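For the sequence shown, the residue numbers in the working numbering are 18 to 216.
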Amino acid sequence: MGSPAIDYEGAMAIARGDDVDARLALAVNPQTPPEFLYFLAEDPHMGIRRAIGENPSTPNKADVLLSRDPDISVRCAVARKIVGDGLEASKRQDLWRMGFTILETLIRDNVVKVRKILSQTFKSDGQAPHPLVLALARDEEEEIAAPILRESPVLSDDDMITIIEEGAPGWAQHAIAGRDTVSTSVGDALIAHGEPAAV
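Okay, here's the thing in structure tokens:
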């Protein structure tokens, strides 16, 4: 059963009103007009902003705002939606193209939990955007970068060689060495610049 249709005048009154529950009902409804979802993206109530972040009908410009929200749970909601959890591959890739700027913002998030959502999605997807995968591969946190370095089919040999030559930490070298297939050129880079254990 779908969500009820939205009365425009009624929605305007709710969005500007003081009833938190009514605003939340508006925020979760995929039939809410985009302009109200955008308006509610700046609601003072965190739960409403998070609901807007989760709503698949939220316009891109509202998600851009929410990707910089001060609340971690709101940013995580946007991250889970923008990576396309549960969507088929073609729809996910369309979402990534439309939300590239949002993904760039989330990849620079200072909270590991937000970046980890992206890393877990992109680590094994051969269609993941190369610039974003490379940014995750260079992350300073092992739990973000290591899965990408170990598994991502998007990373090229040149990418990995550059990362190794730039002084990748031991855990990053181990992740690269632990790939299912390591080319001769990547192996040579590990021998020349890597720690003995990684070699």
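Positions of the beta carbon are idealized from the N, C-alpha and C atoms, including for glycine.
Computed from a predicted structure; not experimentally measured.
In angstroms with no decimal places, state the Cα-to-Cα distance between W188 and L172. Distance between the alpha carbons of W188 and L172 is about 17 Å.
Starting from the C-beta of F117, find all residues in its chain whose C-beta is less than 7 Å away, skip the five residues before and the five after it, and write them out in chain order. P146
Could you check the C-alpha separation between E182 and A192 for me, to the nearest Å? 15 Å
Close-in-space but distant-in-sequence residues of the same chain around K130 (CB under 7 Å, 5 per side omitted): I89, C93
Excluding the 5 residues preceding and the 5 following S136 in the sequence, name in chain order all residues of the same chain whose CB lies nearer than 7 Å to its CB. L153, I161, P164, I165
Please state the DSSP three-state secondary structure of R196. coil
Rounded to the nearest angstrom, what separates L57 and G27 at their Cα positions? Those two C-alpha atoms are separated by around 15 Å.
With a threshold of 16 other CB atoms inside 10 Å of the CB of M115, please say whether the residue is buried or exposed. exposed
Per DSSP, what kind of secondary structure is P73 in: helix, strand or coil? In the structure shown, P73 sits in coil (DSSP, three-state: anything other than H, G, I, E or B).
Proximity below 8 Å, CB of L151 to CB of I124: no
Taking only the alpha-carbon atoms, compute the straight-line gap between L207 and R155 and give it to the nearest angstrom. 16 Å
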